[in-house]
Amino acid sequence: MEIDNMTPRRPYIFRAFYDWILDNELTPYIVVDTSVYGVLVPQEFIKDNQIVLNIAPQSVGQYLVNNEQIEFNARFSGVPQHIVVPMAAIEAIYARENGVGMGFEDEPYYKALREGANKPAENVKPKPVNPFRVVK
């Protein structure tokens, strides 16, 4: 089977690095390309179409990861926010304490999504509605 016909590697490698970082009692951070369609993050923290997010269990709530995206609730400057990051938007995962981690290559599946970043393609889900009720 040609690699172009295979499922993307990124979700599997992402989960492995996330677990490995936590198993070593370090703090997982991700670098997100905010220009990718479907990214839902606080706009005031974006710099040069990127945002770095702390995704440690003690920093986020209702964390959910699947092959398409990660979602969680977090506070930014004390304000609760629902965060959605499609796998296509994750550029890297690393440990805050020592910088060890991995940058992700642009796989064919994600390249096709990036080319249509300004408009939703047929195979791209629309921006999700917040399924979580944030209690203050």
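Per this note's numbering, residue 2 is the first one in the sequence shown, and the count goes up by one each step.
Idealized CB from N, CA, C, for every residue including glycine.
Since the model is a prediction, treat every value here as computed from it, not as a measurement.
- Query: Buried or exposed: residue 13, going by 16 or more other Cβ atoms within 10 Å of its Cβ?
  - Reply: exposed
- Message: Using the Cβ count rule (16 or more neighbours within 10 Å means buried), how would you classify residue 106?
- Response: exposed
- Please determine, among 65, 98, 102, the residue with the shortest C-alpha to C-alpha distance to residue 85. 65
- So what does DSSP say about residue 30, is it helix, strand or coil? strand
- Query: Among 110, 41, 102, 48, which one has its Cα closest to the Cα of residue 17?
  - Reply: 102
- Item | Buried or exposed (CB count within 10 angstroms, at least 16 for buried), residue 126 | Confidence in residue 126 is poor, its pLDDT being 45 and thus under 50, which makes the residue's placement too unreliable to answer from.
- Looking at the unbroken alpha helix (DSSP H) that takes in residue 12, where does it start and where does it end? 11-24
- Mind checking which residues open and close the beta strand (DSSP E) that includes residue 54? 51-55
- Task: Since I believe residue 82 is in contact with residue 75 (beta carbons under 8 angstroms), could you give me their beta-carbon distance rounded to a whole number of angstroms?
- Result: 6 angstroms
- Message: Can you list, in chain order, the residues of its chain with a C-beta nearer than 7 angstroms to that of residue 3? Leave out the 5 residues immediately preceding and following it.
- Response: none
- Task: Rounded to whole angstroms, what's the CA-CA distance from residue 77 to residue 43? Just pull it up for me.
- Result: 8 angstroms
- Item | DSSP state of residue 45 mapped onto helix, strand, coil | helix
- For residue 53 and residue 40, believed in contact at Cβ under 8 angstroms, the rounded distance: Not a contact, Cβ separation roughly 13 angstroms.
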